[in-house]
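Following: one structure in structure tokens, then a few remarks.
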Amino acid sequence: MSHQRGSRMPEPQPKESPKKKSPQRRRQVYAFLGILFSFMMLLSVASYSSADQANGDISVWDLWKVMTPDESLQAQADRTQNLLGLLGAVLSNWLINSTIGYAVIVLPFLGLAWSWFALRRKELHRLMLATNYVLAIALLFSALMGSVRMLGDEPFLAVEWSGVVGEFASNALYKLIGLTGSFLLILGLLGVVLTLLVDLDIQQTYERLQEWFRNFRIWIEEKREAARIAAEAKRTEERKAAPRPVQIKRDAEEAPAPTVTARKPFQRPELPRQDSPVPVPGAADEPESALPSPSGADDLPLEILERVEEDEVNFDERQGVEDVEEEIDYVFPSVELLDVARASEEVDEEELKGNAELLRSKLADFGVDIESVSVTPGPVVTLYEIVPATGVKISRIENLQDDIALALKAKGIRIIAPIPGKGTVGVEIPNHNPALVTIRGVINSAKFRDSKGFLPLAMGKTITGEVFIDDLAKMPHLLIAGSTGSGKSVGINTILASLIYRLHPSDVKFIIIDPKKIELSLYSKLRKHFLAVSPDLDEEIITTPTNSVMVLKSVEIEMEKRYDRLAAAGVRNIADYNEKVKGGRLHDTET
13 MSHQRGSRMP EPQPKESPKK KSPQRRRQVY AFLGILFSFM MLLSVASYSS
63 ADQANGDISV WDLWKVMTPD ESLQAQADRT QNLLGLLGAV LSNWLINSTI
113 GYAVIVLPFL GLAWSWFALR RKELHRLMLA TNYVLAIALL FSALMGSVRM
163 LGDEPFLAVE WSGVVGEFAS NALYKLIGLT GSFLLILGLL GVVLTLLVDL
213 DIQQTYERLQ EWFRNFRIWI EEKREAARIA AEAKRTEERK AAPRPVQIKR
263 DAEEAPAPTV TARKPFQRPE LPRQDSPVPV PGAADEPESA LPSPSGADDL
313 PLEILERVEE DEVNFDERQG VEDVEEEIDY VFPSVELLDV ARASEEVDEE
363 ELKGNAELLR SKLADFGVDI ESVSVTPGPV VTLYEIVPAT GVKISRIENL
413 QDDIALALKA KGIRIIAPIP GKGTVGVEIP NHNPALVTIR GVINSAKFRD
463 SKGFLPLAMG KTITGEVFID DLAKMPHLLI AGSTGSGKSV GINTILASLI
513 YRLHPSDVKF IIIDPKKIEL SLYSKLRKHF LAVSPDLDEE IITTPTNSVM
563 VLKSVEIEME KRYDRLAAAG VRNIADYNEK VKGGRLHDTE T
């Protein structure tokens, strides 16, 4: 019989043996019966009432007499209020009073859980642990209710709360360690079992509670401080609104005649001559207030420094790279690929003055006087340099960081106490409308173009608006850390872009490890230029732990080889080694 090449005849599937199906069907039947019985038990216990106690003398064998014309048993069945009738009343009465009391409600729920897990053929290990913990909690709750029943001369809780088991356990503990010891032991064991059940980290929970109490205490202190400031402001307004005293002058006729008495002449001491006029009380038409006027923004010396404006250059017009030995078809990227900075609003001078006055008044509220303030507006953060008055401790200003941030309604401030090289204290306050510092504005600057660093990095701008450039070659180690959204990925991309814009592929190679597989995958296009790729690896950007270990070991071997070459050449760094190579001052054994 012929058939087409590549095609296969469908093979008959072997039928499952009825013997293999029977265990599965039995398990399903048992699971459904368990669900049914657990649900009936739940209805029986949930609908239990004190009327069911009257059926406590009925045994299971007596229930068969319901079929017979027994009038007494029929009357008891009519009086039963349980949802499952006389059977439910007898079952719930036995479960509650003869076992662990109301805590027996956990049994039908455990039965439902076990039946469902058996029906779905799920792993039973975790359910077994949870069952042990739940049963332990039920037993401890029963014992706790039994101990509560022992408070006072007569029990004020019904026996249904503890059951016979809880009553026995509480009596035994009372005779052994007393009532107080019973409560301590039972509550302690309950805490341990609950901790194991919910997998609770006690240390972490304690730290969270401690942090919550600390925040609550800070909130109370802030409320008190706000109330104190409001009361002080109210008293100041009341003093300002109070009427000034009016001086009433008498007429000359109404003035009483002075009484003249002869006295010994008084020798007045000679006073030094005073050229300035002496104010005479009552000489002015309106007397001035005796209270000194509070110093305001006009009394505070304020100096607003100009922001440094960096001159932009055309970075694309830089000179070509010389002495490139490798033949790499490479064209430097243009700055036109980068986004142009949006026009940003300048920081309003009134905002600067207002923040300076708020800063002065807040410090004055805590008894910290300042002599002058100088403001340096930056693109994102503004620096307020304050000169404390004589005798003011810097630590007092540092402790007011949170209060100053609250008064200025700022997201967060930073206090530099003191500023190195200056006799001032710096307070960095974020601008309400921060400007966007783009990498194009930093790369397109003369400072970056003319930088003499081997691995120059365009880090950004300082508070004064000055472009900040650093050399990666001078950093033995570099760690970038921060919270989520703080700019770690932006910083890494800035470092890579700086090196790509400034250096030729013959000068630097990258080994990029990206476990997340999405942050740095776009740099895989630099395979033929900047990436150091091993032929033994199947990816340009390393993403797996195995490849990471391999490439790091390869880098370690290369580092050891370079150290040997530097030692043989008698130099300490790769820059001096390259200078020797260019000058032809190395022997063959040193290369």
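13 is the number of the first residue of the sequence shown in my numbering; add one for each residue after it. The C-beta atom is built at its ideal place from N, Cα and C for all residues, glycine as well. Just so you know, these numbers come straight off a predicted model, no measurement behind them.
Alpha-carbon spacing of Thr556 relative to Pro527, whole angstroms: The residue labelled residue 556 in the question sits at position 544 within the sequence shown. The residue labelled residue 527 in the question sits at position 515 within the sequence shown. When rounded, the distance between both Cα atoms is 6 Å.
8 Å Cβ cutoff met for Arg461 and Asp351: Counted from its first residue, the sequence shown places residue 461 at position 449. Counted from its first residue, the sequence shown places residue 351 at position 339. Between Arg461 and Asp351, the C-beta spacing is not below 8 Å.
Whole-angstrom C-beta distance between Ala155 and Ser182, which should lie under 8 Å: For this step, residue 182 is matched to residue 170 along the sequence shown. For this step, residue 155 is matched to residue 143 along the sequence shown. Your pair Ser182 and Ala155 checks out as a contact, with CB atoms roughly 5 Å apart and the cut at 8 Å.
Closer than 7 Å: His489 CB and nearest the ligand NAD heavy atom: With respect to the ligand NAD, the structure offers nothing, as it holds no ligand at all.
Length at least 4, wholly inside the stretch 152 to 225: the alpha helix (DSSP H) runs in chain order: Taking only runs of at least 4 residues, the alpha helix (DSSP H) segments lying wholly in the stretch 152 to 225 are 175 to 210.
Selection from Pro389, Ala581, Ala142, Val177 that minimises the alpha carbon distance to Ala447: Along the sequence shown, one-based indexing puts residue 447 at 435. Closest option to Ala447, Cα to Cα, is Pro389.
Contact under 8 Å by Cβ, Ala429 with Ile455: Here the question's residue 429 lines up with position 417 in the sequence shown. Here the question's residue 455 lines up with position 443 in the sequence shown. Going by C-beta atoms, Ala429 is not nearer than 8 Å to Ile455.
Host alpha helix (DSSP H) of Asn455 (start-end): Taking the sequence shown and counting its residues from 1, the one referred to as residue 455 is at position 443. Going by the sequence as given, residue 455 is Ile instead of Asn. Ile455 -> alpha helix (DSSP H) spans 451 to 455.
Start and end residues, beta strand (DSSP E) containing Lys473: Against the sequence shown, residue 473 aligns to sequence position 461. Annotation: the continuous beta strand (DSSP E) that includes Lys473 extends over 468 to 473.
Bridge-paired residues (DSSP) for Gly438: Translated into the one-based positions of the sequence shown, residue 438 becomes position 426. DSSP output for Gly438 lists Glu397, Ile428 as bridge partner(s).
Through-space distance from Leu467 to Thr506, alpha-carbon basis: Indexing the sequence shown from 1 puts residue 506 at position 494. Indexing the sequence shown from 1 puts residue 467 at position 455. Using only the alpha carbons, I get a separation of about 13 Å.
Arg372 versus Arg514 - alpha carbon distance: As a position in the sequence shown, residue 372 is number 360, starting the count at 1. As a position in the sequence shown, residue 514 is number 502, starting the count at 1. Going from the Cα of Arg372 to the Cα of Arg514 covers about 46 Å.
Sequence-distant residues of the same chain with beta carbon closer than 6 Å to Ala63, five excluded per side: Residue 63 sits at position 51 when you count from the first residue of the sequence shown. Within the same chain, Ala63 has close Cβ partners Gln93.
Thr248, buried or exposed, once every other Cβ within 10 Å from all chains shown has been counted against 16: Working through the sequence shown from its first residue, we reach residue 248 at position 236. Of the residues assessed, Thr248 falls on the exposed side of the cut-off, its CB having fewer than 16 other CB atoms within 10 angstroms.
Residue from Glu440, Gly433, Leu420 with nearest C-alpha to Ile427: For the purposes of this step, residue 427 is identified with residue 415 of the sequence shown, where counting begins at 1. Closest option to Ile427, Cα to Cα, is Glu440.
Backbone CA spacing between Arg138 and Gly424 [nearest angstrom]: Within the sequence shown, the letter at position 126 stands for residue 138. Within the sequence shown, the letter at position 412 stands for residue 424. The alpha-carbon of Arg138 is positioned some 46 Å away from that of Gly424.
Cα-Cα separation, Ser59 to Pro35: In the sequence shown, residue 59 corresponds to position 47, counting from 1. In the sequence shown, residue 35 corresponds to position 23, counting from 1. Between Ser59 and Pro35, the C-alpha separation is close to 36 Å.
Per-residue burial, Glu282 [other beta carbons within 10 Å of its own, 16 or more giving buried]: By one-based count along the sequence shown, residue 282 stands at place 270. Annotation note: pLDDT 47 at Glu282 (below 50); position unreliable, no value reported.
Inter-residue spacing [alpha-carbon to alpha-carbon] between Leu107 and Leu208: Within the sequence shown, residue 107 is the residue found at index 95, counting from 1. Within the sequence shown, residue 208 is the residue found at index 196, counting from 1. The straight-line gap from Cα to Cα measures roughly 27 Å.
Buried/exposed call for Glu173, threshold 16 Cβ in 10 Å: Stepping through the sequence shown from its first residue, residue 173 is reached at position 161. Per the sequence presented here, residue 173 reads as Trp, with Glu not at that position. Classification of Trp173: buried, given that the 10 Å Cβ count is 16 or more.
C-alpha gap between Ala353 and Glu234, whole angstroms: Here residue 353 is taken as the residue at index 341 of the sequence shown, counted from 1. Here residue 234 is taken as the residue at index 222 of the sequence shown, counted from 1. Approximately 40 Å between the Cα atoms of the pair.
C-alpha gap between Leu538 and Met471, whole angstroms: As a first step, residue 538 must be located in the sequence shown, where it is residue number 526. As a first step, residue 471 must be located in the sequence shown, where it is residue number 459. When rounded, the separation of the alpha-carbon atoms in Leu538 and Met471 is 22 Å.
8 Å contact criterion, which Ala115 and Phe153 should meet: CB distance rounded: Here residue 115 corresponds to residue number 103 of the sequence shown, with the count starting at 1. Here residue 153 corresponds to residue number 141 of the sequence shown, with the count starting at 1. Indeed, because the Cβ distance is near 5 Å, the residues count as touching under 8 Å.
Pick from Lys459, Arg220, Ser56, Asn411 that is closest to Leu99, judged by C-alpha positions: Along the sequence shown, read from residue 1 onward, the residue named residue 99 stands at position 87. For Leu99, the closest C-alpha among the options Lys459, Arg220, Ser56, Asn411 is that of Ser56.
Cα-Cα separation between Gly175 and Ser110, rounded to whole angstroms: Here residue 175 refers to the residue found at position 163 of the sequence shown. Here residue 110 refers to the residue found at position 98 of the sequence shown. Straight-line spacing of the CA atoms in Gly175 and Ser110 works out to 6 Å.
Sub-8 Å separation of Ser518 and Ser546 beta-carbons: By one-based count along the sequence shown, residue 518 stands at place 506. By one-based count along the sequence shown, residue 546 stands at place 534. No, they are not a contact pair.
Segment limits, beta strand (DSSP E) that includes Thr388: If you number the sequence shown from 1, residue 388 lands on position 376. First-last of the beta strand (DSSP E) with Thr388: 382 to 388.
Inter-residue Cα distance where the pair is Leu469 and Ser510: Indexing the sequence shown from 1 puts residue 469 at position 457. Indexing the sequence shown from 1 puts residue 510 at position 498. Rounded to whole angstroms, the gap between the alpha carbons of Leu469 and Ser510 is 5 Å.
Contacting residues, own chain, Cβ-Cβ under 7 Å from Lys464 (five flanking each side not counted): One-based indexing of the sequence shown puts residue 464 at position 452. Taking C-beta separations shorter than 7 Å and ignoring five residues to either side along the sequence, Lys464 has no partners in its chain.
Burial state of Ile198, where buried means 16 or more other Cβ atoms lie within 10 Å: Residue 198 sits at position 186 when you count from the first residue of the sequence shown. Per the 10 Å Cβ criterion, buried.
Start and end residues, beta strand (DSSP E) containing Val479: As a first step, residue 479 must be located in the sequence shown, where it is residue number 467. Segment 479 to 483, the beta strand (DSSP E) holding Val479.
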